[in-house]
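Each residue of the sequence shown is one higher than the last, beginning at 1 in UniProt numbering. Idealized CB from N, CA, C, for every residue including glycine. This report refers to the structure that appears directly beneath it.
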Amino acid sequence: MVEKMGLQPLQAIIPQSAAKGLSASEVTDQFGSFLSDAITKLNTQQQQVDQLNDKFAKGEISDVHQLIIASEKASLGLELTVQLRNKVIDAYQEVMRMQV
Numbered sequence: 001m002v003e004k005m006g007l008q009p010l011q012a013i014i015p016q017s018a019a020k021g022l023s024a025s026e027v028t029d030q031f032g033s034f035l036s037d038a039i040t041k042l043n044t045q046q047q048q049v050d051q052l053n054d055k056f057a058k059g060e061i062s063d064v065h066q067l068i069i070a071s072e073k074a075s076l077g078l079e080l081t082v083q084l085r086n087k088v089i090d091a092y093q094e095v096m097r098m099q100v
């Protein structure tokens, strides 16, 4: 069975913080912790794939599907992270080009 990924959209975080009347620094801290948690989860997925690869190489895993599914999850997570980074860099560069 394929497990549901534990990613939360940013839309679920930002309106809640705006409704609570949080300051900009508190929202920044929340966003930073969200990104930190996402990177930690991505790292955990990569480590699980490495462990499954080692077990497969030793012949301890007979079901290759587990390895392929875990590998694709980690690959998609990494691709999402790279695309998110690219969008953040583009947004930063756009802000820096604005004239004051």
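Tell me the rounded alpha-carbon separation between residue i and residue j.
| i | j | result |
| --- | --- | --- |
| glutamine 93 | alanine 24 | 21 Å |
| valine 100 | threonine 81 | 31 Å |
| methionine 1 | leucine 67 | Because methionine 1 sits at a pLDDT of 49, beneath the cut-off of 50, its placement in the model cannot be relied upon, and the following sentence gives the value as read from the coordinates. In a straight line, the C-alpha of methionine 1 is about 13 Å away from that of leucine 67. |
| arginine 85 | isoleucine 69 | 24 Å |
| aspartate 63 | phenylalanine 56 | 9 Å |
| residue 102 | threonine 28 | Residue 102 falls outside the range modelled here, since the chain spans only 1 to 100, and no answer is possible. |
| phenylalanine 31 | glutamine 47 | 24 Å |
| glycine 21 | alanine 91 | 25 Å |
| glycine 77 | glutamate 60 | 26 Å |
| aspartate 50 | glutamate 72 | 13 Å |
| aspartate 37 | lysine 58 | 32 Å |
| alanine 74 | valine 95 | 32 Å |
| serine 17 | aspartate 54 | Residue placement at serine 17 cannot be trusted, given a pLDDT of 49 that sits under 50; what the coordinates show is reported in the next sentence. Distance between the alpha carbons of serine 17 and aspartate 54: 43 Å. |
Over what stretch of residues does the alpha helix (DSSP H) that includes residue i continue unbroken?
| i | result |
| --- | --- |
| isoleucine 61 | That residue, isoleucine 61, is in no alpha helix (DSSP H); it is neither H nor E in DSSP. |
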